[in-house]
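Structure record follows, encoded as structure tokens.
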Amino acid sequence: MLVKSKGLSVFVSASVMGALLLTGCGSKSATTPSAATTSAASTSTAVVSASPAAAQAKAIKHIWGETPIQGVPTKPIALDFFIVDMLVSLGISPTGIAGTGATRVPAYIKDKVTSFTDVGERKAPNLEVISSVKPDLIIANPERAKMIKGDLEKIAPSIALSDKTYQVILDDVDLLGGIFNKQEQAKKVRADLEKKISDAKGKVKNQPTVLVVGAFDDEMTVWVKKSFPSSLLNDIGFNYAFAGEKEKSEGTADIATMTVEKLVELNPDVVFIYGDSVDKVKTNPLFKNSKASKENHVFVVEQDLWARARGPIAAGLMIDQAVNFVNGEAKK
Numbered sequence: 001m002l003v004k005s006k007g008l009s010v011f012v013s014a015s016v017m018g019a020l021l022l023t024g025c026g027s028k029s030a031t032t033p034s035a036a037t038t039s040a041a042s043t044s045t046a047v048v049s050a051s052p053a054a055a056q057a058k059a060i061k062h063i064w065g066e067t068p069i070q071g072v073p074t075k076p077i078a079l080d081f082f083i084v085d086m087l088v089s090l091g092i093s094p095t096g097i098a099g100t101g102a103t104r105v106p107a108y109i110k111d112k113v114t115s116f117t118d119v120g121e122r123k124a125p126n127l128e129v130i131s132s133v134k135p136d137l138i139i140a141n142p143e144r145a146k147m148i149k150g151d152l153e154k155i156a157p158s159i160a161l162s163d164k165t166y167q168v169i170l171d172d173v174d175l176l177g178g179i180f181n182k183q184e185q186a187k188k189v190r191a192d193l194e195k196k197i198s199d200a201k202g203k204v205k206n207q208p209t210v211l212v213v214g215a216f217d218d219e220m221t222v223w224v225k226k227s228f229p230s231s232l233l234n235d236i237g238f239n240y241a242f243a244g245e246k247e248k249s250e251g252t253a254d255i256a257t258m259t260v261e262k263l264v265e266l267n268p269d270v271v272f273i274y275g276d277s278v279d280k281v282k283t284n285p286l287f288k289n290s291k292a293s294k295e296n297h298v299f300v301v302e303q304d305l306w307a308r309a310r311g312p313i314a315a316g317l318m319i320d321q322a323v324n325f326v327n328g329e330a331k332k
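UniProt numbering puts the sequence shown at residues 1 to 332.
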């Protein structure tokens, strides 16, 4: 169990000229999973105009619209890994978490999340379990949770945040900092990541071309140029090699299908790869002729960290790994 905090602060919206009051945070518990789902919406998130109805009510602007939040939430539910990452970066342990498969919380932040209720799968959270927890805030992925938006809103105030790029994530952290009265911590999260990015730029030489690839039994995928991993890699000195668009058939992730032939045609200097069929790709005779393979610049990374997490803590670790890999300071 983590966090409790109270305080007061003024947040000014760029588009609205209003002051508002903001306050604290919290967490709790442990249980079971499974239920409804899917698709998408996008836009930007912003905070906030003060509600005239109650002194401590806040109107939070987010991808799904505007949601009034009374006081400071103490029992937040996180319906995706990037949301868990953002909350943990602010010192908040979620009351409920939706995971994937056997993973409820990514390993790299497991020690920061104490007790929580398992509310099912990210793409099919269990509404009954969510309701039983009696949350005072639900934070969702707008694409995964689009079809259950109305159901979630009946349970508790619900907001939707995006993980499209690391810049968007930092804006989300600012928004959450306002909701949970963690503005100073949010500023630190932003400053720390921006400094890490700035420092990394001098360590990645000659703008190597790069791809982030998922290798699985049934298919191979690649993250597109407008995505969380590529936005991060581009800004630390890499040049992302795939300019194609996200495929609708690939669900909520900003990815497209990839073949070994196409990968070799793109011929990046560096490949970061994850999945259950990594060896199959690495030993493919055609792939062995690629520049990345010949120069021993194919680096195996963790799927949870590089593909599923997409929060500020994950971003910092990805930068460390990328810099260490290309400078020969980490195991391949």
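Each residue gets a CB set at the ideal place from its N, CA and C atoms; glycine is no exception.
The beta carbons of ASP163 and GLY311 sit closer together than 9 Å.
Counting only unbroken stretches of 3 or more residues, the beta strand (DSSP E) elements lying wholly within the region 80-140 are 96-99, 117-121 and 137-140, in sequence order.
The alpha-carbon separation between SER198 and VAL189 amounts to approximately 14 Å. Sequence-distant Cβ neighbours of PHE325 in its own chain, meaning closer than 6 Å and more than five residues away, are PHE299.
Across the structure, ASN239 and LEU233 are spaced so that their CA atoms are roughly 7 Å apart.
Under the three-state reduction of DSSP, VAL301 is assigned to coil, being neither helix nor strand. The Cβ-Cβ distance between GLY214 and VAL222 falls below 9 Å. Rounded to the nearest whole angstrom, the CA to CA distance from ASN206 to GLY237 is 8 Å. Where LEU176 is concerned, the enclosing alpha helix (DSSP H) starts and stops at 166-179. Distances from the CA of ASN267 to each of ALA241, LEU170, GLU245 and LEU87 were compared; the closest alpha carbon is that of ALA241. With respect to ARG308, PHE116 sits apart: the two C-beta atoms are not nearer than 9 Å. Boundaries of the beta strand (DSSP E) harbouring SER158: 158-160, taken from the DSSP string.
Judged by pairs of C-beta atoms under 8 Å, the region 285-294 does not touch the region 57-69, as fewer than three such pairs exist. Following the DSSP letters along the chain, one finds PRO68 inside the beta strand (DSSP E) bounded by residues 65-70.
In the DSSP assignment, MET318 falls within the unbroken alpha helix (DSSP H) covering 312-326. Nearest to GLU265 by alpha-carbon distance, out of SER231, VAL210 and GLY275, is VAL210.
VAL270 is bridged by DSSP to VAL210.
Beta bridge pairing from DSSP links PRO285 with no other residue. In the three-state reduction of the DSSP assignment, ASN234 falls in the helix class, which pools H, G and I. Note that the C-beta distance between LYS58 and GLY178 is below 9 Å. LYS134 is classed as exposed because its beta carbon has fewer than 16 other beta carbons within 10 Å across all chains shown. DSSP places PRO76 in the strand class (E or B) of the three-state scheme.
For THR221, DSSP records a beta bridge to GLY214 and THR257. Secondary structure at LYS58: strand, using DSSP grouped into helix, strand and coil. Rounded to whole angstroms, the separation of the alpha carbons of PRO125 and MET258 is 30 Å.
For ASN239, DSSP records a beta bridge to THR209.
A Cβ-Cβ separation of about 7 Å places THR67 in contact with SER158 under the 8 Å criterion.
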